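Participant: Have a look at this one.
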Amino acid sequence: MGFQDTARRIDGYADACTDFLVRICSIPALGPENQGDGEMAKYEVVRREVMALAPDRVEEIHAPDERVPDRVRPNLMAIFNGKDSSRTLWILAHIDVVPPGELRLWSHDPFEPVVRDGFISGRGVEDNGQAVAASIFAARAIKETATFGLNVGLALVSDEETGSLYGLDYVLRQRPDLFGADDLIIVPDAGNKDGDVIEIAEKHLLQVKFTVRGIQGHASRPDKHRNSLRAAANLIVELDDALHRKFSTQNQFFSPPESTFEPTRKEANVPNVNTIPGEDIFFFDSRILPDVDISQVIAEMEQAARAAKDRFGVEVAVEEFLRSESPNPTPADAPVVVALAAAVQEIYGVQTRPQGIGGQTVATFFRKRGLYAAVWEKILQTAHAPNERVTIENLVGNTKVFAKMML
């Protein structure tokens, strides 16, 4: 049987693949940092689907975590033997998701996915449920219609959304032997609407926590108290202006081409209106071009914090919340990039181009170990947004791309 038989089989999976995606995205898989119980409930459903394919080798590399009810964060490596046993095609997807955000912005319950007019909507359907489903059903199609041309590994991991300490980072620290220099590694966790971008480089990631401490008191007596919110609001504006001014260089290989500095999370202060707050906490998420020294960015942040302290008479603590420096990029002519480009060309009829992105995926952990990883998906780019959604057409098409690479 040729690939056309495999492709037709995948077309026939459309309903089953959609149902599976809906099923797994009905289970909130939030890490404890996001006030969740972890990924185990969702993992069990995913694991059953994988085990039904009778993989030749299974490794469950669970990371201990006392903060979740099951005391572990699950990670599954399922390997199918192929004709060429000297290398493995790895497709790595993550099972955790981000919180829904403002529920009023959703047209439905985020964890009750809706299928309508060729779309599937729900939290986690794009990030990263589509990849989970597509990788599993691609392996199923090859099992049923052909023979794996090389070893194929499905890696399904936890904790991607909050740093991967209990996900791929843990797996690589415990079992670095699983991944070889000749392996083809695909991370379907970023892409675009045309499916013509293969991500081979990522920016530095820096998340910083700012704690502004003033003096709390009655709102009618600002002369006796120090308003932490006023100081924080001014500091946010000053940081936004100073960082974009100082680090304004561009690199057209990346999208967007400049370093980005975004104020994101703001923690609650006082619950009532007539009290001057005495403490405010906010965060900046920065995606920094690789040729910019992160320490210079931190120094600029600390300088702005000192200025706020002097101006408003408050204390400002600046703490690194998450820092991940970008490793060397995957070469544009790496075997995984070439093979992926050929598969995308055959299935979607588009010529791919290598590119760098601002988001940081787990591909960075492979690259830090000198392993070449390529990031690709055809998606609508609705991750983390209300009414996150994917198309059934892309779900099926991406499954075909992965299946083509498995031959």
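Just so you know, the sequence shown maps onto residues 0 to 406 in numbering that gives the first Met the number 0.
Ideal Cβ placement from N, Cα and C applies to all residues, glycine included.
Please read these numbers as outputs of a predicted model, since none were measured by experiment.
Drop a sphere of 10 angstroms on the beta-carbon of Leu104, count the other beta-carbons inside from all chains shown, and report buried for 16 or more, exposed for fewer.
Facilitator: Taking the first residue of the sequence shown as 1, we reach residue 104 at position 105. The residue in question, Leu104, is exposed, as its Cβ has fewer than 16 Cβ neighbours within 10 Å.
Participant: Where do the N-terminal and C-terminal ends of the alpha helix (DSSP H) with Ile346 fall, by residue?
Facilitator: Locating residue 346 in the sequence shown gives position 347, where the first residue counts as 1. Unbroken alpha helix (DSSP H) run through Ile346: 334-347.
Participant: Helix, strand or coil: how does DSSP classify Leu263 here?
Facilitator: In the sequence shown, residue 263 corresponds to position 264, counting from 1. Residue 263 is actually Thr in this sequence, not Leu. Thr263: strand per DSSP, three-state reduction.
Participant: Starting from the Cα of Glu318, find the closest Cα among Asp309, Leu167, Ile280 and give me that residue.
Facilitator: Translated into the one-based positions of the sequence shown, residue 318 becomes position 319. Out of Asp309, Leu167, Ile280, Ile280 has the C-alpha closest to the C-alpha of Glu318.
Participant: Cβ of Gln359 within 9 Å of Cβ of Arg286?
Facilitator: Here residue 359 corresponds to residue number 360 of the sequence shown, with the count starting at 1. Here residue 286 corresponds to residue number 287 of the sequence shown, with the count starting at 1. Yes, the pair counts as a contact, with Cβ atoms nearer than the cut-off.
Participant: Decide if the stretch 145-157 is in contact with the stretch 165-180; the criterion is three or more beta carbon pairs, one per stretch, under 8 Å apart.
Facilitator: Result yes; three or more Cβ-Cβ pairs closer than 8 Å.
Participant: Which residue marks the beginning of the alpha helix (DSSP H) containing Val410, and which one marks its end?
Facilitator: The chain is shown only over 0 to 406; residue 410 falls outside these bounds and no answer can be derived.
Participant: Any idea what DSSP makes of Thr363, helix, strand or coil?
Facilitator: Taking the first residue of the sequence shown as 1, we reach residue 363 at position 364. Correct three-state label for Thr363: helix.
Participant: With a cut-off of 8 Å, do at least 3 Cβ pairs link the stretch 333-349 to the stretch 179-196?
Facilitator: Output reads yes: the stretch 179-196 touches the stretch 333-349.
Participant: Does the Cβ of His243 have 16 or more other Cβ atoms within 10 Å, making it buried, or fewer, making it exposed?
Facilitator: Here the question's residue 243 lines up with position 244 in the sequence shown. Under this definition His243 is an exposed residue.
Participant: Over the uninterrupted alpha helix (DSSP H) stretch that includes Asp284, give me the two end residues.
Facilitator: Translated into the one-based positions of the sequence shown, residue 284 becomes position 285. Where Asp284 is concerned, there is no enclosing alpha helix (DSSP H), although the beta strand (DSSP E) it sits in stretches over 278-287.
Participant: Return the bridge partner residues of Leu242 from the DSSP annotation.
Facilitator: Residue 242 sits at position 243 when you count from the first residue of the sequence shown. Beta-bridge pairing links Leu242 to no other residue.
Participant: From Leu205, Gln354, Leu177, pick the residue whose C-alpha is nearest to that of Pro328; which is it?
Facilitator: By one-based count along the sequence shown, residue 328 stands at place 329. Considering only alpha carbons, the answer is Gln354.
Participant: By alpha-carbon positions, which one of Ala218, Lys399, His383 ends up nearest to Lys377?
Facilitator: As a position in the sequence shown, residue 377 is number 378, starting the count at 1. The option with the nearest alpha carbon to Lys377 is Lys399.
Participant: Would you check if there are 3 or more beta carbon pairs closer than 8 Å linking the stretch 133-144 to the stretch 27-37?
Facilitator: The stretch 133-144 is not in contact with the stretch 27-37.
Participant: Output yes or no for whether 9 Å exceeds the beta carbon distance between Ser106 and Ser84.
Facilitator: Along the sequence shown, read from residue 1 onward, the residue named residue 106 stands at position 107. Along the sequence shown, read from residue 1 onward, the residue named residue 84 stands at position 85. Taking 9 Å as the Cβ cut-off, Ser106 and Ser84 do not qualify as a contacting pair.
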